[in-house]
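Worksheet: the structure to be examined is printed underneath.
Written as structure tokens, this is what we have:
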């Protein structure tokens, strides 16, 4: 594999400092000027959507087309010549290279993160893998933190190594180990912040200082934070990644991913996307735009509700431990307070019961539905061992640090008092359910007695 950006060009891209993260707006008649300190909600509503539209429509239209045409051959040749010299802006000839509806969503996301540019893709994993494929080649080296999405680690360990790319996984929060892992061929450090499922928070300034001192780029998956709570570009991070499926879309009705950063890096990613595909369709971009307009309202409510839920759980006798960065008991609470404006809507916690008791708790919940995602208006809950890590069994759970009692609750926009009352009654059910097996014996990847003792 050969990266699309040369070593010299790669090293020359400086970290983006956005001066507070306030983005540029697209104003009528196409001019661009610095907005006067717009708030996050103002950005979410208006950024990327202030240009002229057909029929003077208030909302951004869905440009549902695969092909863009030309008036005549002269128009075509003029476009091709301009594209060859990198002078084309706002025009494409084919849907894989761009779309006006998608562009509007990208501009809105760039403004929210305080970035120069953004690139939308078909999923969050498409965004992560595109970053890896663009910046890494045979003989280069990637550093990952260990507490991150399992599929991200799987892609790095299985596929990147197959292509001659070395991968080192370091413990989250061990910054000495991270620096010691850097080699002459290290090109990228990747981490989530907050992480999944333990919600660890990366010390962004510290990691950026270490990485840039060695000429290494930093990419952070900030899906669990959103730009409402944390904007890594302000701390010198090179690229920010989101699964827009989650909070950015916000309604559990779309799949999308986005990468945001300095224009030269995003242009590199766009070139890779043109070859690989993984583009976002315009109707999904429209749904994303609509979801983004209420992002600040939703996330603020979810922040407040999740904190109330976390405090309730922390004082319940059946809860062994709560993982939420807004609690002083969290190992990264001080970092979160320094870097974040809110602590997010996900609460992970361990029950002081066995597998059967945890299953009884999850099944007794009336408001949250059982499901693997997060960030939508509906609360979702899942037992981590039986979803992301089901195939490993108890021995595998122990190896990766996942207990049978670990639960992840993605708080929606319901009233927090209702969620807390629901959690309380489900915990009461779980307290009397230890050791009951039933159907678990048929689906457990190992004998149930092993699972219940994990």
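Numbering (the working numbering), first residue to last: 1 to 454. The beta carbon of each residue, even a glycine, is placed where N, CA and C say it ideally should be.
CA-to-CA distance, residue j to residue i, given in whole angstroms
i: residue 295; j: residue 180; result: 39 Å
i: residue 51; j: residue 293; result: 17 Å
i: residue 339; j: residue 111; result: 19 Å
i: residue 399; j: residue 243; result: 27 Å
i: residue 211; j: residue 317; result: 43 Å
i: residue 455; j: residue 199; result: Examination of residue 455 is not possible in this model, given that the chain is present from 1 through 454 alone.
i: residue 93; j: residue 85; result: 16 Å
i: residue 302; j: residue 125; result: 24 Å
i: residue 57; j: residue 367; result: 38 Å
i: residue 234; j: residue 225; result: 14 Å
i: residue 156; j: residue 167; result: 7 Å
i: residue 54; j: residue 369; result: 41 Å
i: residue 217; j: residue 137; result: 14 Å
i: residue 403; j: residue 397; result: 6 Å
i: residue 62; j: residue 270; result: 21 Å
i: residue 133; j: residue 267; result: 14 Å
i: residue 120; j: residue 433; result: 46 Å
i: residue 202; j: residue 426; result: 33 Å
i: residue 190; j: residue 285; result: 26 Å
i: residue 195; j: residue 68; result: 41 Å
i: residue 431; j: residue 353; result: 8 Å
i: residue 341; j: residue 416; result: 20 Å
i: residue 150; j: residue 103; result: 30 Å
i: residue 262; j: residue 188; result: 16 Å
i: residue 204; j: residue 232; result: 7 Å
i: residue 401; j: residue 197; result: 11 Å
Coil, strand or helix - residue i by DSSP
i: residue 95; result: helix
i: residue 269; result: helix
i: residue 89; result: coil
i: residue 420; result: helix
i: residue 335; result: helix
i: residue 47; result: coil
i: residue 253; result: coil
i: residue 340; result: coil
i: residue 301; result: helix
i: residue 53; result: coil
i: residue 276; result: helix
i: residue 289; result: helix
i: residue 431; result: coil
i: residue 73; result: helix
i: residue 283; result: helix
i: residue 39; result: coil
i: residue 127; result: helix
i: residue 82; result: helix
i: residue 313; result: helix
i: residue 62; result: coil
i: residue 137; result: coil
i: residue 184; result: coil
i: residue 295; result: helix
i: residue 318; result: coil
i: residue 328; result: coil
Paired residues, beta bridge with residue i - DSSP
i: residue 260; result: 118, 240
i: residue 192; result: 221
i: residue 323; result: 348
i: residue 112; result: In DSSP, residue 112 forms no bridge with anything.
i: residue 143; result: 168, 189
i: residue 67; result: 94
Rounded distance between the beta-carbons of residue j and residue i, thought under 8 Å
i: residue 350; j: residue 321; result: 5 Å
i: residue 259; j: residue 96; result: Rounded, the Cβ-Cβ distance is 17 Å, inconsistent with contact.
i: residue 328; j: residue 99; result: Rounded, the Cβ-Cβ distance is 46 Å, inconsistent with contact.
i: residue 241; j: residue 186; result: With 8 Å as the limit, residue 241 and residue 186 do not qualify as a contact, their Cβ atoms being about 19 Å apart.
i: residue 377; j: residue 306; result: Contact doesn't hold; Cβ gap of about 14 Å is too wide.
i: residue 236; j: residue 208; result: 4 Å
i: residue 250; j: residue 298; result: 5 Å
i: residue 113; j: residue 227; result: 5 Å
i: residue 385; j: residue 409; result: Not confirmed; about 15 Å, so no contact.
i: residue 220; j: residue 193; result: 5 Å
Those runs of the beta strand (DSSP E) which lie wholly inside the stretch 343-415 and span at least 3 residues: 346-351, 380-383, 406-410
Just list the beta strand (DSSP E) runs in the stretch 198-249, keeping only unbroken ones of 3 residues or longer that don't cross its boundaries, in chain order. 217-221, 239-243
Any chance you could list the alpha helix (DSSP H) runs of at least 4 consecutive residues sitting entirely within the stretch 149-177, in chain order? 150-154
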